Amino acid sequence: SSGINAEYGENELDRMNRVVEQLISILVFVYLVVCVEIPAAWTTFHQDVYFKIVDPLEIGYYYRASPAKNFGKGFHQYFEHTLLVVADPLHACTEILNPAKVSGNFVLVERGECSFVEKVSMCQSAGATGVIVYDNAADNRSNLVAMVDDDRGTQIDIPSLFIIGLDGFHIRRALERNSLESAIINVPINMTYVPEHQIRKPPWTKLL
Numbered sequence: 033s034s035g036i037n038a039e040y041g042e043n044e045l046d047r048m049n050r051v052v053e054q055l056i057s058i059l060v061f062v063y064l065v066v067c068v069e070i071p072a073a074w075t076t077f078h079q080d081v082y083f084k085i086v087d088p089l090e091i092g093y094y095y096r097a098s099p100a101k102n103f104g105k106g107f108h109q110y111f112e113h114t115l116l117v118v119a120d121p122l123h124a125c126t127e128i129l130n131p132a133k134v135s136g137n138f139v140l141v142e143r144g145e146c147s148f149v150e151k152v153s154m155c156q157s158a159g160a161t162g163v164i165v166y167d168n169a170a171d172n173r174s175n176l177v178a179m180v181d182d183d184r185g186t187q188i189d190i191p192s193l194f195i196i197g198l199d200g201f202h203i204r205r206a207l208e209r210n211s212l213e214s215a216i217i218n219v220p221i222n223m224t225y226v227p228e229h230q231i232r233k234p235p236w237t238k239l240l
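Here is the structure:
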């Protein structure tokens, strides 16, 4: 009888341990979704993504971006204090000339001269973690262009975003003015859980 009771106790303890492990897994998942990450299925083809520039402070705002519609990957992790490096050449339609700076970081690229896929592919080949393309129309204050596949069969394994021309213009100008080659960003940001009073919107446009 004592043996049966001991075995029952052990089984009950194992069951409770499994329940606790499952609860911890659920809590971790909820934390990642609410506080840190946005699931890849949300960021790849469905809705806008936001990122925050941490430095330089003069452009330290939350920026709205449109993810590539039908190529590349979504965000499988949260990138905190990662570098946003300006591509050389800026259009990124030919081989990247600053791969040592690009590798492991996000790359800022200007629209034009080749397809979006070609740009992202060049950055990917240089070791980039992700790409942010800005419109080459500097007066574009609100229109986010849909970045679509060029149907050439290029394999893209990193996320890419599109931002308005005015955002790109101000980011580049601030970097040049401060003699910087890169900004520091956090991406992606789940804006649903950022208190309104903490959101710094770019003064030249509207965030939401």
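Numbers given in the numbering used here equal positions in the sequence shown, counted from 1, plus 32.
Glycine included, every Cβ here is placed at the ideal spot set by N, Cα and C.
Being a predicted model, the structure only gives us computed values, none of them experimental.
Runs of the beta strand (DSSP E) lying entirely within the segment 84-114, each at least 3 residues long, are 94-99 in chain order. For Ser153, no beta strand (DSSP E) segment is defined; the enclosing uninterrupted segment is the alpha helix (DSSP H) at Phe148 to Ser157.
Across the set Asp87, Glu142, Val52 and Cys125, the C-alpha of Asp87 shows the shortest separation from the C-alpha of Asn218.
Shortest Cα-Cα distance from Asp183 to any of Ser135, Asn130, Asp199 and Lys101 involves Lys101. Contact between the segment 194-203 and the segment 123-139 is not established, with fewer than three Cβ pairs separated by less than 8 Å. Bridge partners of Phe194 according to DSSP: Ser98 and Val165. Residue environment for Pro234: buried (at least 16 other C-beta atoms within 10 angstroms of its C-beta).
Look at the beta carbons and you see the segment 112-123 not touching the segment 89-97: under three pairs across the two are nearer than 8 Å.
Between Asn222 and the set Asp46, Lys84, Val51 and Leu45, the nearest pair of CA atoms involves Lys84.
Contact check for Val134 against Ile188 fails: the beta carbons are separated by 8 Å or more. Val134: member of the alpha helix (DSSP H) spanning Pro131 to Val134, first to last residue. One thing to note: Thr186 has its Cβ no nearer than 8 Å to the Cβ of Phe111. Of the candidates Ser211, Val165 and Pro131, Val165 places its Cα closest to the Cα of Met179. Assignment of beta-bridge partners to Leu212 by DSSP yields no partner. Classified as exposed, Gly144 has fewer than 16 neighbouring CB atoms from the shown chains inside 10 Å of its CB. About 6 Å separates the beta carbons of Ile196 and Leu176, which is inside the 8 Å limit, making them a contact pair.
His113 sits away from Cys146, with the two beta carbons spaced by 8 Å or more. Taking all protein chains shown into account, Ser174 has fewer than 16 neighbouring C-beta atoms within 10 Å of its C-beta and is therefore exposed.
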